[in-house]
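J.: Before I ask anything, let me first share the structure, which is written out below as structure tokens.
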Amino acid sequence: MPAIAFADSSDPGGLSGSSPSSSSVGGSPKSPQVGQFRLAPARKSTHPETTKKTPSASARRDVGGPQRSTAAAGQPTTGADASQPQSSQVASVAVPSSSAPAPATTGVTTAATTTPTLATAERTVSAQASVPTPAGMFAAILHLFGIPNRPIAVPTLTSILELFRRNLEQTRSSTSAANPTTQVSATTTTINVKDYGAVGDGVTDDSAAIKAAEAALTSGETLYFPPGNYRFAQQNPSGNAAIFLDGLSNVTVEFAPGAQLLMDNLDANGLGTSYGIRVEGAASNITILNPTIDWTTRPSARSFGDGISVLGYPSDSAPPAGWTGSTGEVSNISIINARVVNSPQAGVVVMGASDVTVTNLTVIGSLADGLHFNADRRVTVNGLYAENTGDDGLAFVTYYDPTQPWTYGPTDGPFNEPGLGEWNNGGSTATNITVVGGQADGVRVQGGYDISISHVTVSGKDFGIQVNSSISTGAGDWTSLASRNVTISDVTIDGTGTGIVLGTHNIDGTEDPMWWDFSGVVINGVTITNSNNWSVAVETPATETSKFAGVTLSNIYAVSNGDPTGGGDGGMLLASLQNSVIDNVKLVSDHAASIYLFGASQIRSELSVDELPSSNLTVDNLELDGPGLILIQDIAGVKFGTVTSSDADGAGVELYRVKDASFDNIVVNLPGRGDGAGYGVRLLQVDGIDIAAVKVTMDDHVGSSFLALELSGGNPTQYIAGSDVHVDKVTFVSDLGDMGSPIGIQGGPYGPVDWYIDASWLYEGETDPQQQSASYGDISPL
Numbered sequence: 001m002p003a004i005a006f007a008d009s010s011d012p013g014g015l016s017g018s019s020p021s022s023s024s025v026g027g028s029p030k031s032p033q034v035g036q037f038r039l040a041p042a043r044k045s046t047h048p049e050t051t052k053k054t055p056s057a058s059a060r061r062d063v064g065g066p067q068r069s070t071a072a073a074g075q076p077t078t079g080a081d082a083s084q085p086q087s088s089q090v091a092s093v094a095v096p097s098s099s100a101p102a103p104a105t106t107g108v109t110t111a112a113t114t115t116p117t118l119a120t121a122e123r124t125v126s127a128q129a130s131v132p133t134p135a136g137m138f139a140a141i142l143h144l145f146g147i148p149n150r151p152i153a154v155p156t157l158t159s160i161l162e163l164f165r166r167n168l169e170q171t172r173s174s175t176s177a178a179n180p181t182t183q184v185s186a187t188t189t190t191i192n193v194k195d196y197g198a199v200g201d202g203v204t205d206d207s208a209a210i211k212a213a214e215a216a217l218t219s220g221e222t223l224y225f226p227p228g229n230y231r232f233a234q235q236n237p238s239g240n241a242a243i244f245l246d247g248l249s250n251v252t253v254e255f256a257p258g259a260q261l262l263m264d265n266l267d268a269n270g271l272g273t274s275y276g277i278r279v280e281g282a283a284s285n286i287t288i289l290n291p292t293i294d295w296t297t298r299p300s301a302r303s304f305g306d307g308i309s310v311l312g313y314p315s316d317s318a319p320p321a322g323w324t325g326s327t328g329e330v331s332n333i334s335i336i337n338a339r340v341v342n343s344p345q346a347g348v349v350v351m352g353a354s355d356v357t358v359t360n361l362t363v364i365g366s367l368a369d370g371l372h373f374n375a376d377r378r379v380t381v382n383g384l385y386a387e388n389t390g391d392d393g394l395a396f397v398t399y400y401d402p403t404q405p406w407t408y409g410p411t412d413g414p415f416n417e418p419g420l421g422e423w424n425n426g427g428s429t430a431t432n433i434t435v436v437g438g439q440a441d442g443v444r445v446q447g448g449y450d451i452s453i454s455h456v457t458v459s460g461k462d463f464g465i466q467v468n469s470s471i472s473t474g475a476g477d478w479t480s481l482a483s484r485n486v487t488i489s490d491v492t493i494d495g496t497g498t499g500i501v502l503g504t505h506n507i508d509g510t511e512d513p514m515w516w517d518f519s520g521v522v523i524n525g526v527t528i529t530n531s532n533n534w535s536v537a538v539e540t541p542a543t544e545t546s547k548f549a550g551v552t553l554s555n556i557y558a559v560s561n562g563d564p565t566g567g568g569d570g571g572m573l574l575a576s577l578q579n580s581v582i583d584n585v586k587l588v589s590d591h592a593a594s595i596y597l598f599g600a601s602q603i604r605s606e607l608s609v610d611e612l613p614s615s616n617l618t619v620d621n622l623e624l625d626g627p628g629l630i631l632i633q634d635i636a637g638v639k640f641g642t643v644t645s646s647d648a649d650g651a652g653v654e655l656y657r658v659k660d661a662s663f664d665n666i667v668v669n670l671p672g673r674g675d676g677a678g679y680g681v682r683l684l685q686v687d688g689i690d691i692a693a694v695k696v697t698m699d700d701h702v703g704s705s706f707l708a709l710e711l712s713g714g715n716p717t718q719y720i721a722g723s724d725v726h727v728d729k730v731t732f733v734s735d736l737g738d739m740g741s742p743i744g745i746q747g748g749p750y751g752p753v754d755w756y757i758d759a760s761w762l763y764e765g766e767t768d769p770q771q772q773s774a775s776y777g778d779i780s781p782l
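So for the sequence shown, the UniProt record's numbering puts the first residue at 1; every next one is plus one.
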């Protein structure tokens, strides 16, 4: 990042050698010149939303796939009735609608730590059916004939039970492929793909057999894949999927252990031509159990085809006139123990559905997101492993448009919402998330409401966690509101470009707060290591009006060692924050990585210090351990608890153009490690500053000069050194010999007014150290 430029503060009546120190963002401190600075433009995300050109017909949405072919079998032939009422939308941002309670779910219920398996290679009863024991059946028959259930001779009982066992086994046996039949139990019918000619040897094209079995499937039944490798080679199949579930309910698609669907249907250019599994229409209580969906050849480019795609419509009312895509509610969808490899688009994408559960999902090498939710509600994720995905590992994303509910066209998602409410992925939780390698974000939330994400590990991505809003300015951009009520906690991030990104894209802070007010967004309990650019960054347009409001950053610990090549040097850029809380945030570094707390992304040079607007921040336990600087700049209205700096090359803590700020404690340990001027605390052009205590501890090292506290920086073109400045107690202890007062004050016409400082110091390098003290200022302490 370009250096922060300061104008010369030299003044004949000023303090000799007290010109303000410099802080070059992303570099080592230099002699400051008061003036404007510009932050490097925020790096544009590599997600499809910000980098894709206008999508082609084969990849015209973020992750969910293109418009289905109008000739595809199973496609709805009629759209929503124009006479039906249009869906009502939550238009208010200030008062988001509450999420409806999750209904009781019927169907498969699986504990988070349970791995469903098949008891036999083929079966007729789904996971929700209760299988009567042979002994129980025998007792029922005795009761039917009026025979008491009393003990009988063991050989007779054994023979009868064996007869029942053989009869049960016969119901599990496959019939000939030439004359397939469905096997019926008391509660569930099973469609076995081998009964329809599937071979499962990994060589034979099983496309026709799989589609025949799919065609035979009706509501209340199970589509079953015994162990085997089922090759699907048909391009552009009916329903645009190897398995297409349209308008079905109470259905299970079940893969036995060792069963996998081999997608071998890329076109001549190596591009995808279908989904693995697609669910749409009025669909409820759908379970996809233990599937492995593997594209046998990695696609040549991001193109059509998610591993599993679910399309509903985000409304409890009928879709508006013109919508010709999926109609009817899609709800109670369970995806359990799924594995997707090399999908041309996302591993799993769900759009416009309610009450979705994803358990133990593995996605490897998808060319888009690993797991993507758009305009859903009440989603539960427990267990995601995403490796080398071409886009985000996990994304909760809903776009914005006040009138248009679909993003590309009236046949498919993704969807827009006119405000924030339950269809912004509201009422959702995700836990036990691991994302390794690939591009874009580990986890991204955009246009989200009421979402909780926890127990996250991210490594090797461009960004670890990103929460952002955006206004589209052209092809490749997306429009999303600022998220509300989102909690991300218990996160470990390693080896990313930037660890945490809070961003507003094309939003300069002059717009409606719905674009920059992230009230209720909490990021807590994060460990960040080895970031190449910033450990934490608030990235907003480089304007004097930029805003990012309502966020809490707490319990964040970052370590930046080595030699980062990004402009942030592994430091923290906390710019433009308003109405926010920063608590227990620490950076440890072996190089000059700094913590910057700025009122806006660009210095507000048109405003005098006493005109700065309040940011209304609360900051406590902000700490830097390393050669860098804690720079608090161009900001007003901040209440600080404790701020700590250790081992700074130059100044430990510096306030430049700061108004109406209070501090409980500023602690500076061993500042001035370099060869130049060293400072404990610098106060430069400040107004309305109250500091209860400053403690500076030094050894016997000294560069060219040293001051425990300096109040200066006044000049004729900007502002005086300080006004209404109160420092109740400065304590300085050094191993040096007596060097006189460690307090430096600018004199002359641009020196401070209405100020006082009480100080005491001890030079322990003296033969007979003596505590010394003095009071400074033009007013008496209160």
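Every residue gets a Cβ at the ideal spot worked out from N, C-alpha and C, and that includes glycine.
Let me make sure I understand the geometry here. Which of A368, P237, L762 has the alpha-carbon closest to that of A708?
T.: Closest by alpha carbon: L762.
J.: Which partner residues of T380 appear in the DSSP bridge assignment?
T.: Paired residues: T357, T429.
J.: Alpha carbon to alpha carbon, how far is G751 from S589?
T.: Rounded to the nearest angstrom, the two C-alpha atoms are 35 Å apart.
J.: Anyone know if the C-beta pair for K695 and V667 falls short of 8 Å?
T.: In contact: K695 and V667 (Cβ atoms closer than 8 Å).
J.: Pop quiz: G347 and L371 are said to be a contact at Cβ under 8 Å. What is the actual Cβ separation, rounded to whole angstroms?
T.: About 6 Å separates the two Cβ atoms, so the contact holds.
J.: I'd like to know if the stretch 332–340 and the stretch 386–403 are in contact, where contact means that at least 3 CB-CB pairs between them fall below 8 Å.
T.: Result no; under three Cβ-Cβ pairs closer than 8 Å.
J.: What would DSSP say about D728, mapped onto helix, strand or coil?
T.: D728 falls in the strand class under three-state DSSP.
J.: Tell me the DSSP secondary structure of D664 in three-state form.
T.: If DSSP states are grouped into helix, strand and coil, D664 belongs with the strands.
J.: What are the start and end residues of the beta strand (DSSP E) that includes I288?
T.: Taken as a continuous stretch (DSSP letters only), the beta strand (DSSP E) holding I288 covers 283–289.
J.: Less than 8 Å separating the beta-carbons of V435 and F518?
T.: Cβ distance not < 8 Å, so V435 and F518 don't count as in contact.
J.: Looking only at DSSP bridge pairs, what is L371 linked to?
T.: Beta-bridge pairing links L371 to V348, L394.
J.: Please list the terminal residues of the continuous beta strand (DSSP E) segment that includes E214.
T.: From DSSP, E214 is part of no beta strand (DSSP E) but of the alpha helix (DSSP H) over 207–216.
J.: List the residues that DSSP assigns as beta-bridge partners of V253.
T.: DSSP lists L223, I288 as partners of V253.
J.: For the putative contact between F232 and L262, defined by C-beta atoms under 8 Å, what is the C-beta separation to the nearest angstrom?
T.: Rounded, the Cβ-Cβ distance is 7 Å, consistent with contact.
J.: Helix, strand or coil for N240 per DSSP?
T.: If DSSP states are grouped into helix, strand and coil, N240 belongs with the helices.
J.: For T473, I'd like the list of residues in its chain whose CB is within less than 6 Å of its CB, leaving aside the five on either flank, ordered along the chain.
T.: Cβ within range, chain order: N506.
J.: Hey, how far is the Cα of G107 from the Cα of N285?
T.: Bear in mind that the predicted position of G107 carries a pLDDT of just 38, short of 50, making it unreliable; the figure below should be weighed with that in mind. Cα to Cα, the separation comes out at about 6 Å.
J.: In the DSSP assignment, what residue or residues form a beta bridge with W534?
T.: DSSP lists G571 as partners of W534.
J.: Using the beta-carbon count (16 or more within 10 Å), is S773 buried or exposed?
T.: Exposed: under 16 other Cβ atoms inside 10 Å.
J.: Only counting the same chain, and skipping five residues up and downstream in sequence, which positions put a Cβ closer than 6 Å to that of T697?
T.: Result list for T697: N669, V733, in chain order.
J.: Do V363 and A386 have their CB atoms nearer than 8 Å?
T.: Taking 8 Å as the Cβ cut-off, V363 and A386 qualify as a contacting pair.
J.: What is the DSSP secondary structure of E606, reduced to helix, strand or coil?
T.: Coil at E606, not helix or strand.
J.: Using alpha carbons as the reference points, say which of V658, D264, V193, A256 lies closest to V203.
T.: Considering only alpha carbons, the answer is D264.
J.: Could you check whether E764 and D738 sit closer than 8 Å to each other, using their CB atoms as the reference points?
T.: Not closer than 8 Å, so no.
J.: Could you have a look at M514 and say whether DSSP puts it in helix, strand or coil?
T.: Helix.
J.: Can you check whether the CB of N192 is closer than 8 Å to the CB of S219?
T.: Contact: no.
J.: Report, in whole angstroms, the separation of the C-beta atoms of W515 and T504, which I expect to be a contact under 8 Å.
T.: Sure, about 7 Å apart at Cβ, within 8 Å.
J.: Which class does V643 belong to by DSSP, given the choice of helix, strand or coil?
T.: Reduced to three states, the DSSP call for V643 is strand.
J.: What is the DSSP secondary structure of V193, reduced to helix, strand or coil?
T.: Residue state, collapsed to three classes: helix.
J.: Quick one: give me the first and last residue of the beta strand (DSSP E) that V456 is part of.
T.: Looking at the DSSP string, the run of the beta strand (DSSP E) that includes V456 is 449–459.
J.: With 16 as the cutoff for other CB atoms within 10 Å, does T297 come out buried or exposed?
T.: Counting Cβ neighbours within 10 Å, T297 comes out exposed, since fewer than 16 surround it.
J.: Run through DSSP, which three-state label would E611 get?
T.: Looking at E611 - three-state DSSP - the assignment turns out to be helix.
J.: Pick out whichever of K211, Y196, V350, T324 has its Cα sitting closest to the Cα of N240.
T.: Nearest C-alpha to N240: K211.
J.: According to DSSP, is M739 part of a helix, a strand, or is it coil?
T.: Coil.
J.: Could you give the C-beta distance for G497 and N533, rounded to a whole number, given that I count them as a contact under 8 Å?
T.: Indeed they touch by this definition, with Cβ atoms about 5 Å apart.
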